[in-house]
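Written out below as structure tokens is the structure these notes cover.
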Amino acid sequence: MTSLAYLYDLIAVFTKKDLKVRYKSSFFGYLWSIANPLLFAMTYYFIFKLVMRVQIPDYTIFLITGLFPWQWFNNAVNNSLFAYLSNAQIVKKTVFPRSVIPFCGALMEFFHFLCTLPVIVIFLWVYNLSPSMTWLWGVPLISLAQMLFIYGISLILSSLNLFFRDLERFVSLGLILLFYCTPILYSTDLIPAKYHDMILSNPMSGMILAWRDLFMHGVIDYNELFTLYGYGIVAMALGCLIFNSLKSRFAEIL
Amino acid sequence: MDVAIEFIDVTKSYPLYHHIGSGLKDLLFHPERIFQLLRGKKYLAIENISFQVKKGEAVALIGRNGAGKSTSLGLVAGVMKPSKGKVITHGRIASMLELGGGFHPELTGRENIILNATLLGLRKKEVLARLDRIIEFSELGEFIDEPIRVYSSGMLAKLGFSVITQVEPDILIIDEVLAVGDLAFQKKCLETINDFKQRGVTILFVSHSSSDVAKICDKVIWIENHNVKKIGTASAILPQYRAELIEETPEEARAEATAQNIQFTGNGNKES
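In order, the protein sequence lines correspond to chains C and P. Just so we're aligned, residue 1 is where the first sequence starts under the working numbering, counting upward by one. Just so we're aligned, residue 1001 is where the second sequence starts under the working numbering, counting upward by one.
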């Protein structure tokens, strides 16, 4: 009944709406989405490089190549909690495919992430490095894996949050915890051996490491990439399962 | 395909989600309470309703607040699934969105039209092709490029209705929205609805204004206490309905209203 072409239109219109609403009355527009992670990068640089003297070469690039993809994940997951809540009227009255809403949220954050790529290129130049040809297929490949993972989680959280509003608190705490359990501020060889497996078993660790390898060294580890797709597919399967079993009740509870 | 909408022994009950609000706390400390809630307390919105609406008919659902009209509309629109029984519909369904609902206050009228029409099932190029006609119908003039947070409620109603006029539905659901526009626009809406009727569109209408119902609908389904009380022609049912409303003395009516309010605090705002 719903053709792919219509789905495409729906996603385009909806994403455009989200972008417009977000930047409607802000003068600097999307610059804000770069300003935020950059400010964090500066702070962390000051703390870890200048004060604590961490011995990681090219620490600025090291930071932003981890922070930018993390930002995509973090914002998308946070926003997904309110995907249906903030569109209550639409869900209550119309029957378009509901799965589109969390997808558009994840997609919008992906666009923001794309907008930060030039910043990474600039910093590479500053450090006398340059982007590699592998980006051409590396960026789409890892992006797709991360998109699957994020969309799966978004489906779970956007549906469940309608029924258990406490979820919001857990997720915001969980994200902070996950941030420090992901090698964004530190490199994997700094992790003591006995915590090594714990840190690396977190799916986002693999994502961040893959991004960093690609951005800083132009390297793609295809075995690792395979694992990332594994996480993505598991998240999607769970997401579809939960979403499908709850979707017919959205209109009742809103 | 003579029948457009058919309800066969439809029952719809909701769990009282309202109480699950503090769910996780209960889940941790009183798990048995959650099960009680999930199993026990259910709110019965409609019970064993059966009716048929033929293609091209204009049918009104009437009844008091909380009788189950909005639930029935939700079932027809397909946003809800019946707990028991079957709801069968044929063709594209468009429901007119509530005032302001489905519209985003920060977007302009034009942007909202595109969003809304796409949600109702139109392809983007179809929307763009009809955009001018929609804007013309809405009579909003240069306000069309203003964010709709500056619109009056009448202007919002105009915007909502003008989108519907170009969607070409097979079944049109109108839920008490005509009351806000000015008289001239109301008249235009009624004309458009009659136009739809001429073209064989099935219309499902909910209103508390029996004069509007009389103007649009040939058939009336009177829902009371979650059941169908009577089905018949508008001219036969409406006088009875009016008579019953008047019959209740004001005191009784007020008491009834309060009773219904209490009943509905547990149910959020299902009837709005």
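We treat Cβ as the ideally placed atom computed from N, Cα and C, and that holds for glycine. Owing to the predicted nature of the structure, the values given are computational and were not obtained by experimental measurement.
- At a Cβ-Cβ threshold of 9 angstroms, C/Gly66 and C/Pro183 count as neighbours.
- For P/Ser1138, the closest alpha carbon among the candidates P/Leu1245, P/Pro1239 and P/Asn1112 is that of P/Asn1112.
- In the pairwise beta carbon analysis, the segment 1048-1064 of chain P is classified as not touching the segment 229-238 of chain C: fewer than three pairs are separated by under 8 angstroms.
- Between P/Ser1152 and the set P/Ile1221, P/Asp1182 and P/Gln1198, the nearest pair of CA atoms involves P/Asp1182.
- Less than 9 angstroms separates the beta-carbon of P/Leu1119 from that of C/Phe96.
- Under DSSP, P/Ala1077 shares a beta bridge with no residue.
- Distance from P/Gly1091 to P/Ile1223 at the Cβ level is roughly 23 angstroms; contact not present, criterion being Cβ atoms closer than 8 angstroms.
- For C/Ser3, the number of other beta carbons within 10 angstroms of its own is below 16, and it is reported as exposed.
- In this structure, P/Ala1094 places its C-beta atom within 9 angstroms of the C-beta atom of P/Gly1121.
- Under the three-state reduction of DSSP output, P/Glu1139 falls in the coil class, being neither helix nor strand.
- A straight-line Cα-Cα distance of about 20 angstroms links C/Leu228 and C/Tyr186.
- Residue-level contact by beta carbon holds for C/Tyr6 and chain P, with a gap shorter than 9 angstroms.
- For the C-beta of C/Thr15, not a single chain P residue is nearer than 8 angstroms; the gap to the nearest is close to 11 angstroms.
- Shortest Cα-Cα distance from P/Arg1110 to any of P/Lys1125, P/Lys1124, P/Met1096 and P/Leu1131 involves P/Leu1131.
- In the DSSP annotation of this structure, the continuous segment of the alpha helix (DSSP H) that includes C/Phe179 starts and ends at Leu167 to Tyr180.
- Interface flag for P/Lys1158 against chain C is unset, since no Cβ pair is found closer than 9 angstroms.
- Here DSSP, grouped into helix, strand and coil, assigns C/Tyr127 to coil.
- Burial state of P/Thr1233 is exposed, judged by a 10 Å Cβ sphere holding fewer than 16 other Cβ atoms.
- Per DSSP, C/Leu85 is not a residue of any alpha helix (DSSP H), being assigned neither H nor E.
- Think of a sphere of 8 angstroms around the beta carbon of C/Ser248: the chain P residues whose beta carbon falls inside it are Met1080 and Lys1081, in chain order.
- The CB of P/Tyr1014 comes closer than 7 angstroms to the CB of Glu252 in chain C, given here in chain order.
- The DSSP assignment places 59-80 and 88-93 as complete runs of the alpha helix (DSSP H) inside the segment 37-101 of chain C, in order along the chain (cut-off: 4 residues).
- Residues of the segment 76-106 of chain C with a Cβ closer than 9 angstroms to any Cβ of chain P, in chain order: Asn87, Ala88, Gln89, Ile90, Val91, Lys92, Lys93, Thr94, Val95 and Phe96.
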